[in-house]
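These protein sequences, in sequence, are chains A and B.
My numbering puts the first residue of the first sequence at 1035, with every later residue one more than the last.
My numbering puts the first residue of the second sequence at 58, with every later residue one more than the last.
Inspection log for the structure reproduced underneath, given as structure tokens.
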Amino acid sequence: MTHLDLSPRPGAAPIGVMLRHQTQMELRLLSRNGEQMLLTLIIPLVLIVLGARSDRIVDLGPGRPVDIITPGILALAVLSTSFTSLAIATGFERRYGVIKRLGASPLPRWAFMAGKIAAIAIVEVAQLAILISVGLALGWSPDARVVSWLQALALVVLGTAAFGALGLLIAGTMRAEATLAVANLVYVLLLVGGGLIVPLDRYPETAQHVLAMLPSGALGQGLRDTFAGLGPQPFSIVVLIVWAASCGLGVSRMFKWE
Amino acid sequence: MSLTTASYDEQVSQHAVEVVDLRMRYGTTTAVDGLSLSVEAGTVTAILGPNGAGKTTTIETCEGFRVPQSGSVRVLGLDPILDAKKLRPRVGVMLQSGGAWSGSRAHEMLRHMASLHAHPLDVDLLIERLGMHNYGRTPYRRLSGGQQQRLSLAMAIVGRPDVLFLDEPTAGLDPQARRATWDLISELRGHGVTTVLTTHFMDEAEALSDHVHIVDAGRLIASGTVAELAVAGADDTIRFTATPGLDVTALMAALPLDTKVTEPASGSYVVTGTIDPGLVAAITGWLAQHEVLAGTMHIKRQTLEDRFLDLTGRTLR
């Protein structure tokens, strides 16, 4: 039986080790949460199956339903992980003093954020892999060129940045309960009427202009255009960059760590 | 500015923590009002004060959570904000509440904190030492208040820091757990760890600390060892009852010079002065000579609590 040596021997773990542990911790906490699983996987799975099988629920417009709905479901998955999950988790981290406590540990703040980003990226890769496989199994035939997949990847990264920054802005400035409510409300609103799943040209003309300027409309339409082989419109990319940059600036100025 | 910096650097050498003329205001409320205090390395120092005295604001400024609005704070000679990267691994922090993910399990959270340090304590031994083995897989939000406190203490010490800041470390603990926490803090001192703790429990400050700073309304109002603070207050008293109308002047003449005897109520006597066994013997001797039988006799030495209440007032705020 060894003895508990209480003598001081301070020191920070190597940054790589801290990042790995922080990311693993974030992933464990995410996977433990049932609502999170519902949001990140079950809802998109149900919608992709329903949407691909029936064009009677929502008129998606000309073309095969599965080809129209699958890119939108991928955009929905990005929204759920990078916005809703992130905002709620971060809101409660503030509430429980986790961010404060870790702020007094050797873990730098940028590494705390990096751990979150890494966890989000890993969850998204898993989500998208599952949803793409299901889409393909249901008959989805995306444009198969490498350039289209690279464009889709770029859109997902930009969409994650835009939604993530918006989520952090809400979580960093509002109370945890308000963040919970807003994050879920925004998720539902954008899912139903944000240009995420239903193509923009199915909306009334005035609504189209507004929706094209939302990150949901830009990401959803960008992915639909990309997988149809048309490539994303520059406007979609600009919209996502503007949202990411302005919300990111807001986070750096207004985020309260406790 | 340069003048204060020079004198300041000289002091830093012996002091683990140095707060100089700290002022902090929230809106119209002044939380800390020109507070200066220092903490000697390797000691346990208590910051004692009523609720709202500015204890937490002071300690959180030392932890780097708040920027001093005026004045300065140094920990191990470093600026808690500018030198955060150097300082953070050397400092252990226990917040007044929270500090763990609500969904994290107790042992998982402790291991995570350990993993951020280069040479952490052996987590299994620490768990055993703090009696935390029964709730290792319980999520933080389901832990009792006392269990959360113990986890928080474990998280503060697991990185083997030079300096510990503990904000009300025993709030909500049962008596056994309190004792265990006190023992651990004393043992850490034995290994050279400097501890700064806030408390509003007099007995805690009395039992644990080498040095006590009494803070009220954002100001330091008294400072010293427990013994110094207790003695510095009003004199100690002996109260006894006996037959009414004794000759107090004659009794006083038989006692040491600084002693006073009064009879505030008929048959009830109060002796004030330096209380020691000799004085008690002198009083009972004089009573015996005059064939007076004392009824009850109470010896009351000043405690830190008396001193604290004398200084901060007896009314609730």
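C-beta: ideal position from N, C-alpha, C; glycine also.
Pick from the options that is closest to residue i, judged by C-alpha positions
i                      : options                        : result
residue 1107 (chain A) : A:1062, A:1286, A:1232         : A:1232
residue 166 (chain B)  : B:209, B:251, B:141            : B:209
residue 199 (chain B)  : B:216, B:277, B:160            : B:160
residue 136 (chain B)  : B:337, B:250, B:73             : B:73
residue 224 (chain B)  : B:369, B:187, B:155            : B:155
residue 343 (chain B)  : B:163, B:313, B:361            : B:313
residue 296 (chain B)  : B:319, B:276, B:309, B:302     : B:319
residue 1137 (chain A) : B:142, B:127, B:176            : B:142
residue 1261 (chain A) : A:1154, A:1055, A:1150, A:1187 : A:1187
residue 1114 (chain A) : A:1192, A:1201, A:1125         : A:1201
residue 1048 (chain A) : B:140, B:80, B:171, B:151      : B:171
residue 1079 (chain A) : A:1169, A:1130, A:1265         : A:1169
residue 151 (chain B)  : A:1125, A:1128, A:1134, A:1126 : A:1134
residue 324 (chain B)  : B:113, B:302, B:317            : B:302
Where residue i meets chain A, residues with beta-carbon distance less than 9 Å
i                     : result
residue 122 (chain B) : 1134, 1137, 1138, 1291, 1292
residue 157 (chain B) : 1130, 1131, 1132, 1135
residue 249 (chain B) : 1041, 1042
residue 267 (chain B) : By Cβ distance, chain A contributes nothing, its closest Cβ being about 17 Å from residue 267 (chain B), past 9 Å.
residue 130 (chain B) : The premise fails here: residue 130 (chain B) is roughly 14 Å from chain A at the closest Cβ pair, so nothing lies under 9 Å.
Anticipated Cβ contact below 8 Å, residue i with residue j, distance rounded
i                      : j                      : result
residue 267 (chain B)  : residue 102 (chain B)  : 7 Å
residue 1074 (chain A) : residue 1217 (chain A) : So it is not a contact: roughly 13 Å between Cβ atoms.
residue 107 (chain B)  : residue 257 (chain B)  : 6 Å
residue 1269 (chain A) : residue 1246 (chain A) : 7 Å
residue 169 (chain B)  : residue 216 (chain B)  : In fact, because the Cβ distance is near 12 Å, the residues do not count as touching under 8 Å.
residue 90 (chain B)   : residue 274 (chain B)  : 7 Å
Short Cβ contact (8 Å threshold) for residue i with residue j
i                      : j                      : result
residue 248 (chain B)  : residue 1044 (chain A) : no
residue 221 (chain B)  : residue 149 (chain B)  : yes
residue 269 (chain B)  : residue 262 (chain B)  : yes
residue 1112 (chain A) : residue 1194 (chain A) : yes
residue 1172 (chain A) : residue 1086 (chain A) : yes
residue 307 (chain B)  : residue 326 (chain B)  : no
residue 1288 (chain A) : residue 1214 (chain A) : no
residue 1235 (chain A) : residue 1095 (chain A) : yes
residue 294 (chain B)  : residue 329 (chain B)  : yes
residue 100 (chain B)  : residue 251 (chain B)  : yes
Residue i to residue j span [Cα, whole Å]
i                      : j                      : result
residue 1148 (chain A) : residue 365 (chain B)  : 48 Å
residue 284 (chain B)  : residue 358 (chain B)  : 11 Å
residue 65 (chain B)   : residue 228 (chain B)  : For residue 65 (chain B), the predicted structure reports a pLDDT of 45, less than 50, and the residue's modelled location is therefore unreliable. A value from the coordinates is still provided. Using only the alpha carbons, I get a separation of about 34 Å.
residue 58 (chain B)   : residue 134 (chain B)  : Legend: pLDDT at residue 58 (chain B) = 38, less than 50; position of this residue unreliable, value from coordinates given subsequently. Rounded to whole angstroms, residue 58 (chain B) to residue 134 (chain B) spans 17 Å at the Cα level.
residue 1065 (chain A) : residue 242 (chain B)  : 37 Å
residue 60 (chain B)   : residue 187 (chain B)  : Low per-residue confidence applies at residue 60 (chain B): pLDDT is 42, beneath 50, and the placement is therefore not dependable, though the value from the model is reported in the following sentence. Each residue's Cα considered, the two are about 47 Å apart.
residue 1228 (chain A) : residue 197 (chain B)  : 37 Å
residue 96 (chain B)   : residue 77 (chain B)   : 12 Å
residue 1035 (chain A) : residue 180 (chain B)  : Per-residue confidence for residue 1035 (chain A) stands at a pLDDT of 48, beneath the threshold of 50, marking its modelled position as unreliable; no derived number is given.
residue 373 (chain B)  : residue 1273 (chain A) : Its pLDDT being 47, under 50, residue 373 (chain B) is placed unreliably by the model, and the measurement read from it follows with that caveat. Taking the straight line joining both Cα atoms gives about 58 Å.
residue 190 (chain B)  : residue 204 (chain B)  : 11 Å
residue 68 (chain B)   : residue 309 (chain B)  : At residue 68 (chain B) the pLDDT is 44, less than 50, meaning the model places this residue with poor confidence; the figure from the coordinates comes in the next sentence. Using only the alpha carbons, I get a separation of about 47 Å.
residue 1219 (chain A) : residue 1182 (chain A) : 32 Å
residue 1191 (chain A) : residue 87 (chain B)   : 46 Å
residue 1249 (chain A) : residue 1197 (chain A) : 7 Å
residue 213 (chain B)  : residue 219 (chain B)  : 11 Å
residue 81 (chain B)   : residue 92 (chain B)   : 9 Å
residue 360 (chain B)  : residue 182 (chain B)  : 37 Å
residue 1084 (chain A) : residue 185 (chain B)  : 54 Å
residue 1046 (chain A) : residue 1140 (chain A) : 5 Å
Closer than 8 Å at the beta carbon, the chain A residues around residue i
i                     : result
residue 73 (chain B)  : Chain A residues near residue 73 (chain B): none, gap ~11 Å exceeds 8 Å.
residue 243 (chain B) : The premise fails here: residue 243 (chain B) is roughly 11 Å from chain A at the closest Cβ pair, so nothing lies under 8 Å.
residue 160 (chain B) : 1063, 1066, 1067
residue 146 (chain B) : 1044, 1045, 1046, 1140
residue 180 (chain B) : Neighbours of residue 180 (chain B) on chain A: none; closest Cβ ~10 Å, over 8 Å.
Per-residue contacts from residue i into chain B (C-beta, under 7 Å)
i                      : result
residue 1043 (chain A) : 176, 217
residue 1126 (chain A) : 159
Partners in chain A for residue i, counting only beta-carbon separations shorter than 7 Å
i                     : result
residue 169 (chain B) : 1055, 1059
residue 253 (chain B) : Result: empty, since nearest Cβ-Cβ is about 14 Å, beyond 7 Å.
residue 135 (chain B) : Chain A residues near residue 135 (chain B): none, gap ~12 Å exceeds 7 Å.
residue 425 (chain B) : Shown here, chain B extends from 58 to 374; a query on residue 425 (chain B) therefore has no answer.
Neighbour list for residue i in chain B, Cβ cutoff strictly below 8 Å
i                      : result
residue 1047 (chain A) : 172, 173, 174, 175
residue 1146 (chain A) : In chain order: nothing, as chain B lies at least about 10 Å away.
Proximity test, residue i beta-carbon vs the ligand ADP heavy atom, cut-off 7 Å
i                    : result
residue 84 (chain B) : As far as ligands go, the structure on display features none, and thus does not contain the ligand ADP.
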